[in-house]
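Participant: As you go down the protein sequences, you meet chains A and B in turn.
According to this note's numbering, the stretch in the first sequence is residues 1 to 190, in order.
According to this note's numbering, the stretch in the second sequence is residues 1 to 190, in order.
Protein chains: 2
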Amino acid sequence: MTDIISHNNRPSRSAAMQTDDETGKNDSAGISSLVELIELLFFAYRDFTSDPDTILAEFGFGRAHHRVLHFVNRYPGLRVADLLDILKITKQSLARVLKQLVDSGMIEQQPGRSDRRERRLFTTKRGRKLAERLIEPQMARIVRALELSGDESHKVSRKLLYNMINSTEHEAVMKLFSRTHAKTSGKRPE
Amino acid sequence: MTDIISHNNRPSRSAAMQTDDETGKNDSAGISSLVELIELLFFAYRDFTSDPDTILAEFGFGRAHHRVLHFVNRYPGLRVADLLDILKITKQSLARVLKQLVDSGMIEQQPGRSDRRERRLFTTKRGRKLAERLIEPQMARIVRALELSGDESHKVSRKLLYNMINSTEHEAVMKLFSRTHAKTSGKRPE
DNA sequence: CTAATTATGTCAGTCATGTTGACTTATTTT
DNA sequence: AAAATAAGTCAACATGACTGACATAATTAG
Chain A
1 MTDIISHNNR
11 PSRSAAMQTD
21 DETGKNDSAG
31 ISSLVELIEL
41 LFFAYRDFTS
51 DPDTILAEFG
61 FGRAHHRVLH
71 FVNRYPGLRV
81 ADLLDILKIT
91 KQSLARVLKQ
101 LVDSGMIEQQ
111 PGRSDRRERR
121 LFTTKRGRKL
131 AERLIEPQMA
141 RIVRALELSG
151 DESHKVSRKL
161 LYNMINSTEH
171 EAVMKLFSRT
181 HAKTSGKRPE
Chain B
1 MTDIISHNNR
11 PSRSAAMQTD
21 DETGKNDSAG
31 ISSLVELIEL
41 LFFAYRDFTS
51 DPDTILAEFG
61 FGRAHHRVLH
71 FVNRYPGLRV
81 ADLLDILKIT
91 KQSLARVLKQ
101 LVDSGMIEQQ
111 PGRSDRRERR
121 LFTTKRGRKL
131 AERLIEPQMA
141 RIVRALELSG
151 DESHKVSRKL
161 LYNMINSTEH
171 EAVMKLFSRT
181 HAKTSGKRPE
């Protein structure tokens, strides 16, 4: 193991992550502390997204497939347009990945009941199984991190993440979360 | 203020979709609530990383350039090997991006003083300026989100993100953070 | 009813960023 | 002197983005 830096012992920070607040060495929201938060987000996301990669490789899929599979599995009856809105990618980008998921029997398409132009998306049994396998290590990671981060951590981090999302997207997120019925959802109700 | 996203229990959404909360067995956190946290992380990261894109486009750079520029700017004197360890990409991937940053006068290389095989990396004045421009909207986003998320949010989210990182990486992260560029950061002196 | 709009699909080409594998050069360590 | 290390390079390839143009079917508006 290559040591990046020669000095090894930093007892005040090595065991459990302590903040500047706790050490009383800095203002509560110092620049440095903010930058570290940004970097922690990068590291956390880096490791978080790496979890499902091994499983995906078994199927010849990548992360793009994971995203699509996850949201379709989680919100059955999603339309292509909804997915585009969620993923913020182009139709052509989505098409390739979606086609592979359909061709490999992970996702099924059904014409919309009231609007037959729509293709409502659903996971098959296989697709559901894979989606569950993929999210399992990510859930475990989150649960563990929440347990280590105090009782407030779930509520607080939920709020923080929500507030980090573009406010123009807040309504879409809430609408997605409250999507409990498959038939006529997706239309913008006034 | 915003008690957004406070629904603990959601009704089942579809017969086809079998989640554990439909069985009535909710652990304290709730599967559904955990999945929403995962989705919020996706949305937050999606919007967070989109901030610098416009600026990067001006220079013909992408996110890969941003990452390299950020870490070199933040931790001057970083070696190529350090960057590889941070970014978890291959040397060949890094090389392309790094070369472009060097060629465009954003990053300079200096042979290590004690080991002349090393290429210590530093941002130039231009590079520093760009790095600051890039992080500015991200800082603003974080600050705003922290303000909206309560007094605890900085400390708690810092802990959570840290705990989401692979524990095998904890030491590397702490070592990086303690790597002081003495002038700008008032960091805990031991 | 016709015309416009919408939802989706598709062809074709390009770019950014990641990968593997093999090999070189310079330098330091053993 | 030999081995190990830090970095750079060549080549080929995969993934997942992008743009732009166009096609088809169905719905909605005039």
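A virtual CB, placed ideally from N, CA and C, is assigned to each residue, including glycine.
Quantities reported herein were computed from a predicted structural model and do not represent experimental measurements.
Is the region 100-113 of chain A close to the region 136-153 of chain A, with three or more CB pairs under 8 Å?
Facilitator: With the cut-off at 8 Å, the region 100-113 of chain A and the region 136-153 of chain A do not touch.
Participant: With a cut-off of 8 Å on the beta carbons, I'd call Asn73(A) and Arg128(A) a contact; round off their distance for me.
Facilitator: Right, the Cβ-Cβ distance comes to about 6 Å (below 8 Å), so this counts as a contact.
Participant: Would Leu78(A) pass as an interface residue toward chain B - the criterion being a Cβ-Cβ separation below 8 Å?
Facilitator: Not closer than 8 Å to any Cβ of chain B, the Cβ of Leu78(A) fails to qualify, so no.
Participant: Under DSSP, the alpha helix (DSSP H) around Leu123(A) begins and ends at which residues?
Facilitator: First, the amino acid is wrong: residue 123(A) is Thr here, not Leu. Segment 119-123 is the beta strand (DSSP E) holding Thr123(A); no alpha helix (DSSP H) there.
Participant: Identify the continuous alpha helix (DSSP H) that holds Glu58(B) and give its terminal residues.
Facilitator: Element bounds for Glu58(B): 53-58.
Participant: Which partner residues does Ile142(A) have in the DSSP bridge list?
Facilitator: Answer by DSSP bridge pairing: none, since Ile142(A) is not bridged.
Participant: Determine, using beta carbons only, whether Ile107(A) comes closer than 8 Å to chain B.
Facilitator: Ile107(A) does not count as touching chain B.
Participant: Cα separation between Ser178(B) and Leu146(A)?
Facilitator: Roughly 25 Å separates the two Cα atoms.
Participant: Using CA atoms only, rank isn't needed, just tell me which of Thr123(B), Leu94(B), Arg141(B), Ala64(B) is closest to Tyr162(A).
Facilitator: Cα-wise, what sits closest to Tyr162(A) is Arg141(B).
Participant: Determine, for Ala131(A), whether the minimum Cβ-Cβ distance to residues of chain B falls below 8 Å.
Facilitator: Taking Cβ atoms only, chain B never reaches closer than 8 Å to Ala131(A), which makes this a no.
Participant: With H, G and I counted as helix, E and B as strand and the rest as coil, what does DSSP make of Pro137(A)?
Facilitator: Reduced to three states, the DSSP call for Pro137(A) is helix.
Participant: Thinking Gly105(B) and Thr124(B) are a contact (beta carbons under 8 Å), I'd like their distance in whole angstroms, please.
Facilitator: Correct: roughly 6 Å between the Cβ atoms.
Participant: So, does the region 168-177 of chain A touch the region 160-176 of chain B, judging by three or more C-beta pairs under 8 Å?
Facilitator: No: the two stretches stay apart, fewer than three of their Cβ pairs being nearer than 8 Å.
Participant: Which residue from Leu121(B), Leu176(B), Pro137(B), Ala131(B) puts its Cα closest to that of Phe59(B)?
Facilitator: With distances taken between Cα atoms, Phe59(B) lies closest to Ala131(B).
Participant: Determine the direct distance from the alpha carbon of Met139(A) to that of Tyr45(A), and round the result to whole angstroms.
Facilitator: Their backbone Cα atoms lie some 13 Å apart in a straight line.
Participant: So the alpha helix (DSSP H) Ile89(A) belongs to, where does it begin and stop?
Facilitator: First-last for Ile89(A): undefined, no H or E at that position.
Participant: Going along chain A in order, which residues have a C-beta closer than 7 Å to the C-beta of Gln138(B)?
Facilitator: Per Cβ cutoff of 7 Å: Ile38.
Participant: Using a beta-carbon distance below 8 Å, is Leu69(B) in contact with chain A?
Facilitator: So no, Leu69(B) is outside the interface.
Participant: Here's the rule I'm using: 16 or more other beta-carbon atoms within 10 Å means buried, otherwise exposed. How should Glu136(B) be labelled?
Facilitator: With fewer than 16 Cβ atoms within 10 Å of its Cβ, Glu136(B) is classed as exposed.
Participant: Can you tell me whether DSSP reads Glu152(A) as helix, strand or coil?
Facilitator: DSSP places Glu152(A) in coil when its eight states are reduced to three.
Participant: Would a check of beta-carbon distances place Arg113(A) closer than 8 Å to chain B?
Facilitator: Not one chain B Cβ lies under 8 Å of Arg113(A).
Participant: Can you have a look at Asp53(B) and say buried or exposed, based on whether 16 or more other CB atoms are within 10 angstroms of its CB?
Facilitator: Burial call: exposed.
Participant: Between Ile89(B) and chain A, is any beta-carbon pair separated by less than 8 Å?
Facilitator: Output row for Ile89(B): interface = no.
Participant: Just tell me which of His154(A), Leu121(A), Arg144(A), Leu134(A) has its CA closest to the CA of Lys99(A).
Facilitator: It is Leu121(A).
Participant: Establish whether the CB of Met17(B) and some CB of chain A are separated by less than 8 Å.
Facilitator: Note that Met17(B) has pLDDT 28, beneath the 50 cutoff, so the model's placement of it is unreliable and the number below is only indicative. Output row for Met17(B): interface = yes.
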